[in-house]
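J.:
Residue numbers (the numbering used here): 3 to 123.
1. In whole angstroms, what separates the C-alpha of residue 67 from that of residue 87?
2. Quick check on the burial criterion: 16 or more other C-beta atoms within 10 angstroms. Buried or exposed for residue 43?
3. Closest by CA to residue 61, which one among 102, 96, 69?
4. Among residues of its own chain, excluding the 5 on either side of residue 24, which ones have a beta-carbon nearer than 6 Å to its beta-carbon?
5. When DSSP builds the beta bridges, which residues end up paired with residue 111?
6. Drop a sphere of 10 angstroms on the beta-carbon of residue 108, count the other beta-carbons inside from all chains shown, and report buried for 16 or more, exposed for fewer.
7. Please report the Cβ distance between residue 120 and residue 99, rounded to the nearest whole angstrom; I am assuming they are in contact, meaning their Cβ atoms lie under 8 Å.
8. Report yes if the C-beta distance between residue 89 and residue 65 is below 8 Å; otherwise report no.
9. Figure out for me which residue from 113, 92, 84 has the closest Cα to the Cα of residue 52.
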């Protein structure tokens with residue numbers, strides 16, 4: 003059965019709305035995914051992303067932006083490029099700060115000696 007002009011117009015309109023909804027949804031989903039990936043709400047996407055692999059001597063709990071990521075070593079963590087601060091909680095229970103410069107689109111590898119890192123209150 004052939005479609006009438008009005009039925010075709012309705013279908014075109016519906017396709018446009020579905021396409022627009024898909025673009026809005028995918029844009030929102032990409033923003034949410036980027037915030038989850040980057041680990042911060044305010045990080046602009048233009049900053050870029052780099053990867054960090056962190057190990058420590060002795061092994062420690064790794065924390066980034068109040069999230070415990072697990073015990074070291076942690077490999078290929080995606081974080082915003084630029085200066086980032088990680089915290090390591092060693093077997094002695096002390097929290098130590100580790101500042102890392104993360105290169106955009108590159109892997110930064112760190113092996114931290116806990117005794118040499120500054121202790122945080």
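Using N, Cα and C, we set each Cβ at its ideal position, and we do this for glycine too.
T.: With the given structure in hand:
1. Residue 67 sits at position 65 when you count from the first residue of the chain shown. Residue 87 sits at position 85 when you count from the first residue of the chain shown. Approximately 8 Å, taken between the alpha carbons.
2. For this step, residue 43 is matched to residue 41 along the chain shown. Here the model assigns residue 43 a pLDDT of 47, short of 50, so the residue's position is not dependable and the matter cannot be decided.
3. In the chain shown, residue 61 corresponds to position 59, counting from 1. Among 102, 96, 69, the Cα nearest to that of residue 61 belongs to 96.
4. Residue mapping note: residue 24 aligns to position 22 of the chain shown, counting from 1. Interpretation of residue 24 is limited by its pLDDT of 45, a score under 50 that renders its predicted location unreliable; the figure taken from the coordinates is listed afterwards. So the list is empty, once near-sequence residues are dropped.
5. Counted from its first residue, the chain shown places residue 111 at position 109. Partner(s): 55.
6. As a working mapping, residue 108 is identified with position 106 in the chain shown. Exposed, since its Cβ has fewer than 16 Cβ neighbours within 10 Å.
7. In the chain shown, counting from the first residue as 1, residue 120 sits at position 118. In the chain shown, counting from the first residue as 1, residue 99 sits at position 97. Indeed they touch by this definition, with Cβ atoms about 5 Å apart.
8. Here the question's residue 89 lines up with position 87 in the chain shown. Here the question's residue 65 lines up with position 63 in the chain shown. Contact flag set, yes.
9. Stepping through the chain shown from its first residue, residue 52 is reached at position 50. The residue with the shortest Cα to Cα distance from residue 52 is 84.
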